[in-house]
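Reviewing the structure listed below.
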Amino acid sequence: MDALPILTIPDPRLKQVSEPVERFDDELRAFVERLELTRRQGPAAVGIAAPQVGRFQRICIVDCSKTRKPVPNHGNLVLINPEITHWEGYEVGREGCLSVPDYTGNVIRATHIRLKAFDPHGEEHEYEMEGYEARAVQHEIDHLDGILFIDRVVSRRTDLFRRKVYR
Amino acid sequence: MNNWYMLTLTGEDRPGIVAKVTRALFEQGMNLGEASMLRLGGNFTIMMMVSGPLDGQALARALGPVADELGLSLHIDPMQGGLHRHLVPNLMVRVNGADRAGIVAKVTGVLADAGFNILDLESDVAGSAQQPVYLMQIAGVAQVPLETLEAALAPLREEGIEVNITPIETLVG
Chain A
1 MDALPILTIP
11 DPRLKQVSEP
21 VERFDDELRA
31 FVERLELTRR
41 QGPAAVGIAA
51 PQVGRFQRIC
61 IVDCSKTRKP
71 VPNHGNLVLI
81 NPEITHWEGY
91 EVGREGCLSV
101 PDYTGNVIRA
111 THIRLKAFDP
121 HGEEHEYEME
131 GYEARAVQHE
141 IDHLDGILFI
151 DRVVSRRTDL
161 FRRKVYR
Chain B
1 MNNWYMLTLT
11 GEDRPGIVAK
21 VTRALFEQGM
31 NLGEASMLRL
41 GGNFTIMMMV
51 SGPLDGQALA
61 RALGPVADEL
71 GLSLHIDPMQ
81 GGLHRHLVPN
91 LMVRVNGADR
101 AGIVAKVTGV
111 LADAGFNILD
121 LESDVAGSAQ
131 QPVYLMQIAG
141 VAQVPLETLE
151 AALAPLREEG
161 IEVNITPIET
171 LVG
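Written out as structure tokens, the structure reads:
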């Protein structure tokens with residue numbers, strides 16, 4: 001099994017909105033496995049979304065269990081048709097993307113989220129997450145909606161302003 | 001396309017500076033690289049990498065009239081280096097406190113001794129003329145552990161300089 005090629009900007013397909021998954025079958029599970037392999041081959045990616053490899057379905061993987069400094073996490077999560085049902089707080093953090101080589105920038109994300117998603121067997125789960133993992137999920141779900149982090153980058157001056165207000 | 005020049009332009013801020021300067025460059029077939037442009041103390045400052053058919057002298061001739069028209073001082077340096085040489089910061093240092101002599105020199109001196117490479121520094125003076133507050137954010141890279149830097153900065157805290165240092169974990173997804 002080989003890793004899949006990653007679409008990179010300015011590929012217009014990255015702007016495409018992905019469709020919900022309807023069939024939870026072996027083909028889907030095989031794809032998820034290959035998507036995971038592709039994530040692992042990336043330079044330390046904590047997440048990957050199906051549209052990044054040219055499959056425009058609402059599938060993504062997030063795994064924050066191996067960060068340099070441990071963060072609260074739910075292990076390796078395959079999220080199918082994910083839906084964020086609750087947002088709280090916000091925070092600036094630095095992001096990069098497999099689809100945006102040689103660039104990183106600051107992005108504001110919710111610090112706490114509640115999330116519903118299906119697993120590859122079609123079973124629905126609910127998660128509550130915070131911080132880095134919540135950020136990763138928001139970054140990946142954006143991909144499913146054709147949004148890249150560069151569409152949300154803020155300057156550090158914005159960062160300062162926000163923090164002053166927030167604290 | 002590897003003969004990069006660093007253009008520096010500064011002058012009193014007004015609308016249209018960026019448009020006029022970059023229009024002049026575009027008309028000469030010049031390409032822009034990385035740039036930092038911001039307003040400092042009511043002045044607009046531009047530092048911008050450019051490359052293309054013009055050499056330094058021709059650039060000065062092409063931009064001279066635009067700079068004069070806008071009241072900007074213009075400086076051009078040939079530069080080594082090029083694009084795609086980013087370093088990703090792993091630490092953010094925030095400093096704030098009463099404006100005082102030497103605050104920047106002290107903080108950055110400690111960081112430099114610890115091998116901290118500053119990638120980006122922004123500082124500002126907030127508060128009022130009577131009670132200025134100095135604020136600074138420094139993003140950079142260091143290989144030493146956070147604890148080592150914390151220990152090195154501790155004496156500054158005793159002097160009343162509020163300084164905190166946090167890791168930057170860049171999320172790649």
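Keeping their order, the protein sequence lines are chains A and B.
Numbered per our numbering, the first sequence spans residues 1 to 167.
Numbered per our numbering, the second sequence spans residues 1 to 173.
Cβ atoms here follow ideal geometry from the backbone N, Cα and C, with glycine treated the same way.
In this structure, the beta-carbon distance from glycine 82 of chain B to valine 46 of chain A does not fall below 8 Å. By the neighbour-count definition (other C-beta atoms within 10 Å, threshold 16), leucine 121 of chain B is an exposed residue. Scanning chain B for C-beta atoms nearer than 7 Å to the C-beta of glutamate 140 of chain A yields Gly173, reported in chain order. In this structure leucine 4 of chain A is buried. Its beta-carbon is surrounded by 16 or more other beta-carbon atoms within 10 angstroms. Within the segment 27–71 of chain A, the complete beta strand (DSSP E) runs of at least 3 residues fall at 47–49, 59–63.
About 14 Å separates the Cβ atoms of asparagine 81 of chain A and arginine 55 of chain A, ruling out a contact at the 8 Å cut-off.
The Cβ-Cβ distance between aspartate 119 of chain A and valine 154 of chain A does not fall below 8 Å. Taking C-beta atoms as the reference points, threonine 85 of chain A and arginine 94 of chain A fail to come closer than 8 Å.
If the five residues before and after leucine 32 of chain B are omitted, its C-beta is found closer than 8 Å to the C-beta atoms of Thr22, Leu25, Met48, Met49, Val50, all from its own chain and listed in chain order. Residues of the segment 139–172 of chain B with a C-beta less than 7 Å from any C-beta of chain A: Pro167, Ile168, Glu169, Thr170, Leu171, Val172, listed in chain order. No Cβ of chain A is located within less than 8 Å of the beta carbon of histidine 75 of chain B. Contact check for valine 100 of chain A against isoleucine 147 of chain A fails: the beta carbons are separated by 8 Å or more. Rounded to the nearest whole angstrom, the CA to CA distance from valine 66 of chain B to glycine 52 of chain B is 18 Å.
The continuous alpha helix (DSSP H) containing glutamine 57 of chain B extends over residues 56–70. By the C-beta criterion, the segment 32–42 of chain A is judged not to be in contact with the segment 123–140 of chain A, since fewer than 3 inter-stretch pairs fall below 8 Å.
Each residue's CA atom was taken as its position, placing isoleucine 17 of chain B and asparagine 90 of chain B some 34 Å apart. In the structure shown, glutamate 88 of chain A falls within a strand segment according to DSSP collapsed to helix, strand and coil.
Under the 8 Å criterion on CB atoms, valine 88 of chain B is classed as interfacial with respect to chain A. The DSSP-derived three-state label of glutamate 162 of chain B is strand.
It is roughly 33 Å from the alpha-carbon of valine 71 of chain A to the alpha-carbon of aspartate 124 of chain B. Listed along the chain, the chain B residues whose CB falls inside 9 Å of the CB of valine 78 of chain A amount to none; the nearest CB is some 14 Å away.
A direct Cα-Cα distance of roughly 15 Å separates glycine 11 of chain B from serine 36 of chain B.
Taking the beta carbon of lysine 15 of chain A as reference, no residue of chain B falls within 7 Å; the closest one sits roughly 17 Å away. The three-state reading of DSSP puts valine 144 of chain B in coil, since its state is none of H, G, I, E or B. Taking the Cα of threonine 148 of chain B as reference, the smallest distance to any Cα among B/Leu111, B/Ile118, B/Glu162, B/Val133 is reached at B/Leu111. Residues are counted here when their Cβ sits less than 8 Å from a Cβ of chain B; for the segment 36–60 of chain A these are Gly42, Pro43, Ala44, Ala45, Val46, Gly47, Ile48, Ala49, given in chain order.
Secondary structure of valine 100 of chain A (DSSP, three-state): strand. As computed with DSSP, glutamine 137 of chain B is found in a beta bridge with B/Arg94, B/Glu122. Glutamate 27 of chain B carries a helical assignment under DSSP once its states are collapsed to helix, strand and coil. The beta carbons of glutamine 52 of chain A and leucine 7 of chain A sit closer together than 8 Å. Aspartate 151 of chain A sits in a helix when the DSSP states are folded into three classes.
Only residues of its own chain outside the window of five on either side were considered, and among them Ile138, Gly140 have a CB closer than 6 Å to the CB of isoleucine 118 of chain B, listed in chain order.
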